Amino acid sequence: MDRLDELTIFVAVIQHGSLAGAARRLHRSAPAITRAIASLEQRFGARLVERTTRRLAPTESGLRLAERARVLLNDYQDAVMDTAEIQLTGLLRITSPVQFGRKHVAPVVLSFLERYPHIQIEMLLNDRNLDMIDEGLDVAIRIGHLQDSSKVARKLGEVTRVTVASPAYLAQRGEPREPGQLADHDTIVGTLRPALREWRFGPHENNERVRLTPRLLLNDVETQLLAARAGKGIARLRSYQAAEDLATGALVRLLPAYEPLPMPVQLVANNVQRMPQKVRTFWDYAYQQLSQLALIQPRRA
0 MDRLDELTIF
10 VAVIQHGSLA
20 GAARRLHRSA
30 PAITRAIASL
40 EQRFGARLVE
50 RTTRRLAPTE
60 SGLRLAERAR
70 VLLNDYQDAV
80 MDTAEIQLTG
90 LLRITSPVQF
100 GRKHVAPVVL
110 SFLERYPHIQ
120 IEMLLNDRNL
130 DMIDEGLDVA
140 IRIGHLQDSS
150 KVARKLGEVT
160 RVTVASPAYL
170 AQRGEPREPG
180 QLADHDTIVG
190 TLRPALREWR
200 FGPHENNERV
210 RLTPRLLLND
220 VETQLLAARA
230 GKGIARLRSY
240 QAAEDLATGA
250 LVRLLPAYEP
260 LPMPVQLVAN
270 NVQRMPQKVR
280 TFWDYAYQQL
290 SQLALIQPRR
300 A
């Protein structure tokens with residue numbers, strides 16, 4: 000095992016006061032943590048931790064080593080980051096849903112490029128989940144639960160599906176009070192998944208299903224919003240897509256009690272532990288920026 004890795008494990012054990020806590024923090028197995036501590040004690044020829052009934056505590060030698068190790072690890076991290084700042088060059092390939100990418104990811108990409116002038120980014124906006132391996136993608140912003148267990152994800156926030164209509168449409172046709180009444184209304188439906196001509200409601204999206212005969216079918220979210228604002232029918236969109244119109248009153252939120260459970264908005268990558276530094280830097284930067292977006296934060300009652 001790498002000597003710096005052993006010191007990292009030892010410092011984590013001291014910080015958390017237990018092997019299990021260090022294992023969770025470092026995403027290692029408990030036996031691996033135990034072996035690292037035993038190897039370190041053998042190399043130093045001294046006991047570094049004492050086990051009590053409740054926690055681990057450093058011995059006097061262990062305390063001195065932990066203090067020196069923290070300084071050494073911090074200096075090493077600073078040296079790596081200083082070098083990485085110089086070496087952040089090359090191409091990053093990123094994908095995102097179209098509207099979310101255009102409005103929220105693109106500004107993050109632009110500010111990242113300003114900060115790191117030697118980085119090149121190719122951004123693919125697509126409402127379908129592109130295969131990250133086949134497309135050679137480094138980072139994806141995905142909405143929905145992760146289907147591929149080989150990928151890693153970091154949650155940014157959450158959104159849900161909202162049913163909306165314009166005040167003018169509701170004044171003319173009335174407001175539906177339960178999902179079944181939608182069958183008597185004009186509806187605006189997206190065509191990304193043409194086999195589905197029903198809207199599902201309730202916490203598990205199967206409490207109630209409404210079969211539709213759409214008045215208008217559109218393959219573009221912005222055009223669906225345009226038609227809904229113009230009073231051409233009731234649309235169903237993701238909450239971030241309709242957020243601006245709901246805030247201004249151009250659209251009204253319908254049937255909130257019947258909305259499905261939220262879907263996570265996530266950063267997705269193929270492998271976090273083996274990320275190139277340029278990918279890791281964007282991963283951390285994008286998380287810092289996007290996780291602050293108010294429109295994807297959980298609604299408070």
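When we follow numbering that gives the first Met the number 0, the leftmost residue of the sequence shown carries the number 0, and every step to the right adds one.
Where a beta carbon is used, it is the ideal one built from N, C-alpha and C, also for glycine.
Just so we're clear, the structure is a prediction, and the values are computed from it rather than from any experiment.
If we require 3 or more residues per run, which beta strand (DSSP E) segments fall completely within the segment 194-246? 197-200, 207-210, 215-217, 233-237
- request: Can you grab the Cα-Cα spacing for the pair Q301 / L91, in whole Å?
  value: Residue numbering for the chain in the displayed model covers 0 to 300; residue 301 lies beyond these limits and cannot be assessed.
Between the segment 158-168 and the segment 273-293, do at least 3 Cβ pairs fall closer than 8 Å? no
Please say whether A256 and L250 have beta carbons closer to each other than 9 Å?
no
| Beta-carbon contacts of A29 that lie in its chain and below 7 Å, excluding the five residues immediately before and after | Counting only Cβ-Cβ distances below 7 Å, and skipping sequence neighbours, we find L18, A19, A22.
First through last residue of the alpha helix (DSSP H) which encompasses S38: 29-43
Alpha carbon of E121 to alpha carbon of V163, nearest angstrom: 34 Å
request  = Per DSSP, which residues does P263 bridge with? Please list them.
outcome  = E157
Requested in this report: Decide if the segment 127-144 is in contact with the segment 94-106; the criterion is three or more beta carbon pairs, one per stretch, under 8 Å apart.
Outcome: yes
Which of the three DSSP states is assigned to R114 in this structure? Helix.
Handout entry: V267 and K102 closer than 9 Å at C-beta
Key = No, these two residues do not count as a Cβ contact at 9 Å.
query = Whole-angstrom Cβ separation of V209 and G179, contact assumed at under 8 Å?
reply = About 6 Å; that satisfies the 8 Å criterion.
So the alpha helix (DSSP H) L55 belongs to, where does it begin and stop?
It is not in any alpha helix (DSSP H) - L55 instead sits in the beta strand (DSSP E) that spans 55-57.
With burial defined as no fewer than 16 other Cβ atoms inside 10 Å of the residue's Cβ, what is the status of V70: buried or exposed?
V70 should be labelled exposed.
request  = Can you check DSSP and say which residues form a bridge with V138?
outcome  = I93
Next item on the list: Return the chain-ordered list of same chain residues with a C-beta closer than 8 Å to the C-beta of R46, the five sequence neighbours on each side being excluded.
Entry: Residues E40, T58, S60, G61 of the same chain have their beta carbon placed closer than 8 Å to that of R46, with the five preceding and five following residues left out of the count.
*asked:* Give me the DSSP bridge partner(s) of G143.
replied: Looking at the DSSP output, G143 bridges to nothing.
*Which residue from I187, W198, R196 puts its Cα closest to that of Q223?*
I187
Fill in: Test item: CB-CB of L64 and G16 under 9 Å
no
Check: What are the boundary residues of the beta strand (DSSP E) that G189 is part of?
Finding: 186-189
Alpha carbon of A152 to alpha carbon of A170, nearest angstrom: In this structure, the straight-line span from the alpha carbon of A152 to that of A170 is close to 44 Å.
Output the distance between the C-alpha atoms of L123 and V108, rounded to the nearest integer angstrom. 12 Å
* Name the residue from F200, R196, P166 whose alpha carbon lies nearest to the alpha carbon of E177. => F200
Worksheet item: How many Å lie between R235 and P116 at the Cα?
Response: C-alpha of R235 to C-alpha of P116: approximately 40 Å in a straight line.
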